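Asks: Residue numbers (the UniProt record's numbering), protein chains in the order written: chain A, 1 to 215; chain B, 1 to 215. No residue lacks a Cβ here, since even glycine has one placed at the ideal position from N, Cα and C. Model, not experiment: these values are computed from the prediction.
There are 2 protein chains.
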Amino acid sequence: MDHNKIPQATAKRLPLYYRFINNLNHQGKKRVSSKELSDAVKVDSATIRRDFSYFGALGKKGYGYNVEYLLGFFRKTLDQDETTDVALIGVGNLGTAFLHYNFMKNNNILIKMAFDSDPEKVGTTIGDVPVYHIADLEKKLDGVNVAILTIPASEADGITDRLVAEGITGILNFTPARITVPEYIRVHHIDLAVELQALVYFLKHYPLEETKQLD
Amino acid sequence: MDHNKIPQATAKRLPLYYRFINNLNHQGKKRVSSKELSDAVKVDSATIRRDFSYFGALGKKGYGYNVEYLLGFFRKTLDQDETTDVALIGVGNLGTAFLHYNFMKNNNILIKMAFDSDPEKVGTTIGDVPVYHIADLEKKLDGVNVAILTIPASEADGITDRLVAEGITGILNFTPARITVPEYIRVHHIDLAVELQALVYFLKHYPLEETKQLD
DNA sequence: ATATAATTGTGAAATCGGTCACGACTTATT
DNA sequence: AATAAGTCGTGACCGATTTCACAATTATAT
Numbered sequence: 001m002d003h004n005k006i007p008q009a010t011a012k013r014l015p016l017y018y019r020f021i022n023n024l025n026h027q028g029k030k031r032v033s034s035k036e037l038s039d040a041v042k043v044d045s046a047t048i049r050r051d052f053s054y055f056g057a058l059g060k061k062g063y064g065y066n067v068e069y070l071l072g073f074f075r076k077t078l079d080q081d082e083t084t085d086v087a088l089i090g091v092g093n094l095g096t097a098f099l100h101y102n103f104m105k106n107n108n109i110l111i112k113m114a115f116d117s118d119p120e121k122v123g124t125t126i127g128d129v130p131v132y133h134i135a136d137l138e139k140k141l142d143g144v145n146v147a148i149l150t151i152p153a154s155e156a157d158g159i160t161d162r163l164v165a166e167g168i169t170g171i172l173n174f175t176p177a178r179i180t181v182p183e184y185i186r187v188h189h190i191d192l193a194v195e196l197q198a199l200v201y202f203l204k205h206y207p208l209e210e211t212k213q214l215d
Numbered sequence: 001m002d003h004n005k006i007p008q009a010t011a012k013r014l015p016l017y018y019r020f021i022n023n024l025n026h027q028g029k030k031r032v033s034s035k036e037l038s039d040a041v042k043v044d045s046a047t048i049r050r051d052f053s054y055f056g057a058l059g060k061k062g063y064g065y066n067v068e069y070l071l072g073f074f075r076k077t078l079d080q081d082e083t084t085d086v087a088l089i090g091v092g093n094l095g096t097a098f099l100h101y102n103f104m105k106n107n108n109i110l111i112k113m114a115f116d117s118d119p120e121k122v123g124t125t126i127g128d129v130p131v132y133h134i135a136d137l138e139k140k141l142d143g144v145n146v147a148i149l150t151i152p153a154s155e156a157d158g159i160t161d162r163l164v165a166e167g168i169t170g171i172l173n174f175t176p177a178r179i180t181v182p183e184y185i186r187v188h189h190i191d192l193a194v195e196l197q198a199l200v201y202f203l204k205h206y207p208l209e210e211t212k213q214l215d
């Protein structure tokens, strides 16, 4: 696999590109230039061309990119043909938001099961996803190797250890805790309080002229 | 204000540092080394020392950092003494999660009001935050200049224009749409689907040895 | 007192990411 | 057919960020 050469910054933008190219295709658009794409996704057009170029020459000079070809290419590259199963741990408000989000539609990612300790929730189905008791984690979590953590910070370490023991390889962590995992496990942190506070900090301390859209 | 010299990457880590130093203080810890902090927040210790050094010599060689002093320093630096008001637009599951999150506790950020169009929600109070009708945005949004957008993508552009017209200067956008704003307005995007898909992409295409914890 | 261990702060180097700018090629126009 | 306009792919550059590695300083142990 030659994907090792792709910069992480580029890799993080791929899903974004994919979604917009998908939209264009649905709109019946046949071709698109890096400039048009740039306006839509708010990424510099040179950056888009550079990103695409890591995968070879996907476009035609003087023409742009063929939408259908591009879409097919990204589908393969992002493994859109193969569904990825995900488990959600913690059915609070944030967790529920995920359960109602239809990731299948664009992303071929399926939240296959959820876990919580609340007896009111256990046994129900939310957005077509069954909710199991957290005690049954080891019993139910079969073959799933990506988890979304939307639980209180105090639970994070304990649950993480159990997930790791069950062979989870990727965790999307919404907990404020910075969890400790073996080095072969990938964790992405999304810390809502930090994001909000960072935004506020930038507003107060950086001149408006320098403003940019961050992710 | 000499904060202009502080790199953005450093600025984004400050809230994280602040929270952990706060924890240490509550635990009664008197001193901490960059190495200990590194283990806790999963940021290289040299990076932590570099980050701190932008604010001057906060530590003592051979000793580390005095927790209480560090805490006081960061409190001032992050404007912990001055509350920032925020408006939340869209009281769905994700929005509700924010309303229940007590940002005041650590961050001196206050969600002062929320807006939605659902008559069931308008007029209620969720987590001490009053919910107004979205039609009253212009009437109620007074002096608040940071907004959290947790609405459907289709609404994003319209609401954004109204927020901008009302003088909002910062937007935390959870919508998949990449909104268009004047250049003097700061937008941070958090796209849950993209985050999840990026995680899956990394798992599939990057060797486990290279795994890192990203934000 | 002395030696050893710990830890900072930072110059220098390395890495990473983004942008400019232009040659090469394609398409559209006259 | 010739010219003009549009657009890609990329070498070169720049700035930001991270990491290395070590002198300087402080704390601890004997």
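Quick check on the DSSP output: what are the complete beta strand (DSSP E) runs of length 3 or more inside the stretch 97–149 of chain A, in order along the chain?
Replies: 109–116, 129–133, 146–149
Asks: Provide the residue(s) that pair with ALA87 (chain B) in DSSP beta bridges, ordered along the chain.
Replies: Answer is B:MET113, B:ALA147.
Asks: State yes or no: is the C-beta of ALA153 (chain A) within less than 8 angstroms of the C-beta of PHE115 (chain A)?
Replies: no
Asks: Less than 8 angstroms between CB atoms is the rule here; does LYS12 (chain B) satisfy it with respect to chain A?
Replies: yes
Asks: Should SER34 (chain B) be labelled buried (16 or more other beta-carbon atoms within 10 Å of its own) or exposed?
Replies: Taking all protein chains in view, the Cβ of SER34 (chain B) is crowded by 16 or more other Cβ atoms within 10 Å, so the residue is classified as buried.
Asks: Does the beta carbon of GLU36 (chain B) sit closer than 8 angstroms to a beta carbon anywhere in chain A?
Replies: no
Asks: Determine whether the Cβ of ASN66 (chain B) lies closer than 8 angstroms to any Cβ atom of chain A.
Replies: no
Asks: Within 10 angstroms of its Cβ, does LEU197 (chain B) collect 16 or more other Cβ (buried), or is it exposed?
Replies: Per the sequence shown, the amino acid found at residue 197 (chain B) is Gln instead of Leu. Buried, by the Cβ-count rule.
Asks: So what does LEU172 (chain B) bridge to, in DSSP terms?
Replies: B:ILE148, B:HIS188
Asks: Can the beta-carbon of LEU58 (chain A) be found less than 8 angstroms from the beta-carbon of TYR201 (chain B)?
Replies: no
Asks: To the nearest angstrom, how far is the alpha carbon of THR150 (chain A) from that of HIS189 (chain A)?
Replies: 11 angstroms
Asks: Determine, for ASN25 (chain B), whether the minimum Cβ-Cβ distance to residues of chain A falls below 8 angstroms.
Replies: no
Asks: Using only the alpha-carbon positions, how far apart do ASP118 (chain B) and THR175 (chain B) sit?
Replies: 18 angstroms
Asks: Need the endpoints of the alpha helix (DSSP H) that SER33 (chain B) sits in, please.
Replies: Neither: SER33 (chain B) is in no alpha helix (DSSP H) and is coded neither H nor E.
Asks: Which residues mark the beginning and the end of the alpha helix (DSSP H) in which GLN8 (chain B) is found?
Replies: 8–26
Asks: In the DSSP output, what is ILE65 (chain A) paired with across the bridge?
Replies: Just to set this straight, residue 65 (chain A) is Tyr in the shown sequence, not Ile. For TYR65 (chain A), which the question treats as bridged, DSSP gives the partners A:VAL32.
Asks: Straight-line CA distance for THR84 (chain A) to ASP161 (chain A)?
Replies: 22 angstroms
Asks: Quick check on the DSSP output: the alpha helix (DSSP H) that includes PHE52 (chain A) runs from which residue to which?
Replies: 45–53
Asks: Any beta-carbon of chain B closer than 8 angstroms to the one on PHE74 (chain A)?
Replies: no
Asks: Between PHE74 (chain A) and TYR18 (chain A), which are expected to be in contact by the criterion C-beta below 8 angstroms, what is the C-beta distance as a whole number of angstroms?
Replies: 5 angstroms
Asks: With contact counted as at least three CB pairs below 8 angstroms, one residue from each stretch, are the stretch 126–133 of chain A and the stretch 60–76 of chain A in contact?
Replies: no
Asks: Can you tell which of A:ASP44, A:ILE109, A:ASN173, A:ILE185 has its C-alpha closest to the C-alpha of ASP81 (chain A)?
Replies: Relative to ASP81 (chain A), the option among A:ASP44, A:ILE109, A:ASN173, A:ILE185 whose CA is nearest is A:ILE109.
Asks: Could you list which residues in chain B have their beta carbon closer than 9 angstroms to that of TYR54 (chain A), in chain order?
Replies: The contacting residues do not exist; TYR54 (chain A) stays about 12 angstroms from chain B at best.
Asks: Hey, could you find the ends of the alpha helix (DSSP H) THR160 (chain B) is sitting in?
Replies: Per DSSP, THR160 (chain B) belongs to the alpha helix (DSSP H) from 153–165.
Asks: Is it true that the CB of PHE55 (chain B) sits closer than 8 angstroms to the CB of ALA40 (chain B)?
Replies: In this structure, the beta-carbon distance from ALA40 (chain B) to PHE55 (chain B) does not fall below 8 angstroms.
Asks: Note down, in chain order, every chain A residue with its Cβ under 7 angstroms from the Cβ of PHE202 (chain B).
Replies: Scanning chain A for C-beta atoms nearer than 7 angstroms to the C-beta of PHE202 (chain B) yields ALA11, ARG186, reported in chain order.
Asks: Under a Cβ-count criterion, where at least 16 other Cβ atoms within 10 Å of its own Cβ denotes burial, should LYS105 (chain B) be classed as buried or exposed?
Replies: exposed
Asks: Kindly indicate which residue of B:ALA156, B:LEU37, B:TYR63 has the alpha-carbon position closest to the one of GLY90 (chain B).
Replies: Comparing Cα positions, the closest option is B:ALA156.
Asks: Cα-Cα, which of A:LEU137, A:LEU192, A:GLY92, A:LYS112 is closest to ALA165 (chain A)?
Replies: A:LEU137
Asks: Using a 10 Å radius around the Cβ and a threshold of 16 neighbouring Cβ atoms, would you call GLU195 (chain B) buried or exposed?
Replies: buried
Asks: Starting from the C-beta of SER38 (chain A), find all residues in its chain whose C-beta is less than 7 angstroms away, skip the five residues before and the five after it, and write them out in chain order.
Replies: The residues are ASP44, SER45, ILE48.
Asks: Taking the DSSP output, what are the residues bridged to LEU58 (chain A)?
Replies: LEU58 (chain A) is not bridged to any residue.
Asks: What number of angstroms, rounded off, separates the C-alpha of GLN8 (chain B) from the C-alpha of PRO15 (chain B)?
Replies: If I take the Cα positions, the gap works out to 12 angstroms.
Asks: Cβ of VAL32 (chain A) less than 8 angstroms from any chain B Cβ?
Replies: no
Asks: Would the beta-carbon of GLN131 (chain B) fall within 8 angstroms of that of LYS139 (chain B)?
Replies: Checking the sequence, you will find Val at residue 131 (chain B) rather than Gln. For VAL131 (chain B) and LYS139 (chain B), no; Cβs fall outside 8 angstroms.
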